[in-house]
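Enquirer: Residues 716 to 1134 in my numbering are what the sequence shown lists, from first letter to last.
Positions of the beta carbon are idealized from the N, C-alpha and C atoms, including for glycine.
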Amino acid sequence: MSRSGRVPAVLAAGAACAGAAHWAFVTPAGLPTRESAPQLRATARGSNAEAPKMTGSVLPTGALFVAAAAASAAVARRAEGEVAVKKKGVKVVHGQEIPWNIFSPKAPYQGKVVKNVKHSQTLTEPTPGGDANWETAHITLDHGGNVPYLEGQSIGIIAPGPDKKGETPARIRLYSIASSAVGDDETSKTVTLCVKRNVVVNGVYVNREVGEDKPDKAGTHYPNDKVYRGVCSNHVCDLSVGDDVMITGPTGAEMLLPDDPEANIVMLATGTGIAPMRSYMRLLFNDKVGANADGSRKFKGLAWLFMGVPFAKSLLYDDEHTEYKSKYPDQFRFDYAVSREQKNAAGQKMYIQTKMAEYAEELWELMQNPKTHVYMCGLKGMEAGMAECFGPIAEKAGMDWLEFAKTMKKADRYHVEVY
C-alpha cells in the first residue's frame, strides 16, 4: 500500500498514526521485564544474523537496535526527572523503542534491487476489460542491515522525477512494508514492497500525450491515448535487479503487532493493503524467528484474513495463504471478496463487509475477547463497511458499533491505515 507526502525532514506526517507500539528493541530500565512471559520473538530484532558494522552515521542493527546500557541510562534519567535526550533513529512509544526515520529525504539510504527468493516481480495478470491498473509488483531491496524496521511499518521511496508538480527528485512516496522484519530471505538485510502500478488513461492529469506512452517493463502501453503514469509507482514497478533506490524511514506505529503470542489477529485488506498483513503472516507462520526450538510456532492465537479485490487475477499471495492454511488449519483462516466476479446469496456484489457478514456472529464474539486485534489497510470505505456489517449485531446486543469501535481503539485493539 502506498501513500504520498511532501518531503519533510521528519516522515511522521502522512505515514501511520502514532498508535501504541508493542515491539521493543530493548526493555528500558525502570520498566518491568517480561523474560518469564512468552513472546513472539526471541529478541526484539528477531534475527540471528550478524550485526553489521557502523557506516557513517548509520545505527548498527542485529539482535539489538541500540546498546542496552545506553537505552537503560536514558530511561533512568527520565525516571529521575531529568530532561530526556532525543536519540536519532528511534521513537519511544509506550516506553518501548522502535526504529524511526533513520534516513530522511535529505539524507536517504541508497538501497539496491535484488532478486526475490519467493516471488517473481509481477504478481498479477491482465484483468478482464483491459484495466490499465492490472499490475502489482513485488520488489525486494537490499539495505545491508542499515534500515531496520518492524512488521507494520513503512518506508519512503524517492523517485528521480519529475513529479506531478515538476519537482526533481519527486516527493517521497510511503509504502507499507510487505516483508517481516527479517526480510523474505530472513537475513535482516532486505525489505520487500508490494506496489500497484498507477496508470490512468484519458483522465484529468496527463504526463504523456498521444503517441508518447512507451511500453513499461510489463509490456503495457497506450500509444493512442493521453496517459498519466504515477511517478513513484511506475519507477518502482520498472526497477530491475541491480538498480539503486533511495530509501527513507522507517516510520509508522499504528499497525504494529501486539507481542502477546495468544492474541487474535483479524485482518482486512483491499489490494496492496495486503502488504502489512503479509509481513505479519510471514512472522507468525513462516520465519524461523517465529518458531520455538521444537519447531512449533510461538504464535498461539487465531489469524483471520479478509482480502478484497475486483478480479480473481488481482489476488495477491494466495499461494502463501493456502500454505499457511494447510500447515496451521486451527490458527489461520482466509476469505476473499472478489467484487466484480462474486455475489452473495442476496445477489449483492461481494465486498469485504459482504463476506464478513457471512461470519458476523462469530467475528462479533471474537471481538469481545480483549486479546483480539483488528487491522485494516487499504481503501477508506472499509471502516464504513465495518459499521454496515456489525452495526445491527451491536444494536441487538444493546451496544452502538461506533462507540464499541472507539473503545477498541482506546484499548489499542483497532488499527487503521487507509488512503
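Taking the straight line between their C-alpha atoms, what separation do you get for Pro930 and Tyr937?
Expert: Each residue's Cα considered, the two are about 8 Å apart.
Enquirer: Got a sec, what are the start and stop residues for the alpha helix (DSSP H) Ala1072 sits in?
Expert: Per DSSP, Ala1072 belongs to the alpha helix (DSSP H) from 1067–1072.
Enquirer: Output the distance between the C-alpha atoms of Gln1139 and Tyr1074, rounded to the nearest integer angstrom.
Expert: Outside the modelled stretch of the chain, which goes from 716 to 1134, sits residue 1139, for which no answer is possible.
Enquirer: Can you tell me whether Asn861 is buried or exposed? The criterion is at least 16 other CB atoms within 10 Å of its CB, across all chains shown.
Expert: Buried, since its Cβ has 16 or more Cβ neighbours within 10 Å.
Enquirer: When you compare each of Thr902, Cys947, Pro973, Val960 to Lys1086 by their alpha carbons, which one comes out closest?
Expert: Ranking the options by Cα distance to Lys1086, first place goes to Pro973.
Enquirer: So, with DSSP's three-state summary, where would you put Asn979?
Expert: Of the three classes helix, strand and coil, the one that applies to Asn979 here is strand, per DSSP.
Enquirer: For His950, does the three-state DSSP call read helix, strand or coil?
Expert: Of the three classes helix, strand and coil, the one that applies to His950 here is helix, per DSSP.
Enquirer: Give me the residue from Val1004, Leu1020, Phe1021, Asp1034 with the minimum Cα distance to Lys1013.
Expert: Among Val1004, Leu1020, Phe1021, Asp1034, the Cα nearest to that of Lys1013 is on Val1004.
Enquirer: For Pro1044, count the other beta carbons within 10 Å of its own beta carbon; 16 or more makes it buried, fewer makes it exposed. Which is it?
Expert: Pro1044 comes out exposed.
Enquirer: Going by beta-carbon coordinates alone, are Val914 and Arg944 separated by less than 7 Å?
Expert: In contact: Val914 and Arg944 (Cβ atoms closer than 7 Å).
Enquirer: Pairs of beta-carbons, one from the stretch 983–993 and one from the stretch 1084–1100, closer than 8 Å: are there three or more?
Expert: Judged by Cβ distances under 8 Å, the stretch 983–993 makes contact with the stretch 1084–1100, as three or more pairs qualify.
Enquirer: Which value, in whole angstroms, describes the spacing of the CA atoms of Gly810 and Gly804?
Expert: Cα to Cα, the separation comes out at about 16 Å.
Enquirer: Decide if Ser1029 is buried, meaning its Cβ has at least 16 other Cβ atoms within 10 Å, or exposed.
Expert: Label assigned to Ser1029: buried.
Enquirer: Could you pull the start and end residues of the beta strand (DSSP E) that Gly964 belongs to?
Expert: Per DSSP, Gly964 belongs to the beta strand (DSSP E) from 959–966.
Enquirer: In whole angstroms, what separates the C-alpha of Ser1041 from that of Ser1011?
Expert: Cα-Cα distance, rounded: 15 Å.
Enquirer: May I have the straight-line CA-CA distance separating Phe1105 from Thr1069, to the nearest angstrom?
Expert: Rounded to the nearest angstrom, the two C-alpha atoms are 11 Å apart.
Enquirer: Do Val828 and Leu1031 have their C-beta atoms within less than 7 Å of each other?
Expert: Going by C-beta atoms, Val828 is not nearer than 7 Å to Leu1031.
Enquirer: Start and end of the beta strand (DSSP E) containing Pro814?
Expert: Segment 811–814, the beta strand (DSSP E) holding Pro814.
Enquirer: In angstroms, rounded to a whole number, what distance separates the CA positions of Arg1048 and Ile813?
Expert: One C-alpha to the other measures close to 29 Å.
Enquirer: Do Val942 and Ala874 count as a contact pair if the criterion is CB distance below 7 Å?
Expert: The answer is no: Cβ separation not under 7 Å.
Enquirer: Tell me the DSSP secondary structure of Thr935 in three-state form.
Expert: It is coil, neither helix nor strand.
Enquirer: Who are the Cβ neighbours of Tyr1129 in its own chain at under 7 Å, not counting the five residues just before and after it?
Expert: Within the same chain, Tyr1129 has close Cβ partners Val1089, Ala1120, Met1123.
Enquirer: Can you give me the C-alpha to C-alpha distance between Lys806 and Gln1063, rounded to a whole angstrom?
Expert: If I take the Cα positions, the gap works out to 45 Å.
Enquirer: Looking at Asp940 and Val916, is the spacing between their C-beta atoms short of 7 Å?
Expert: Closer than 7 Å, so yes.
Enquirer: Runs of 4 residues minimum, wholly inside the stretch 991–1043: which ones carry the alpha helix (DSSP H) assignment?
Expert: Whole alpha helix (DSSP H) segments, 4+ residues: 1033–1042.
Enquirer: May I have the straight-line CA-CA distance separating His853 from Ile872, to the nearest angstrom?
Expert: Answer to the nearest angstrom: the Cα atoms are 14 Å apart.
Enquirer: Would Val832 and Ala968 be called neighbours here (beta carbons separated by less than 7 Å)?
Expert: Result no, Cβ atoms of Val832 and Ala968 do not sit closer than 7 Å.
Enquirer: By Cβ distance below 8 Å, which residues in the same chain neighbour Ile817 in space, the five residues on each side in sequence not counted?
Expert: So the qualifying residues of the chain are Val773, Leu774, Lys803, Gly804, Tyr824, Asn861, Val862, Pro863, Gly964, Pro965.
Enquirer: Just mark Pro1107 as buried or exposed, buried being the case when its beta carbon has 16 or more other beta carbons within 10 Å.
Expert: The residue in question, Pro1107, is exposed, as its Cβ has fewer than 16 Cβ neighbours within 10 Å.
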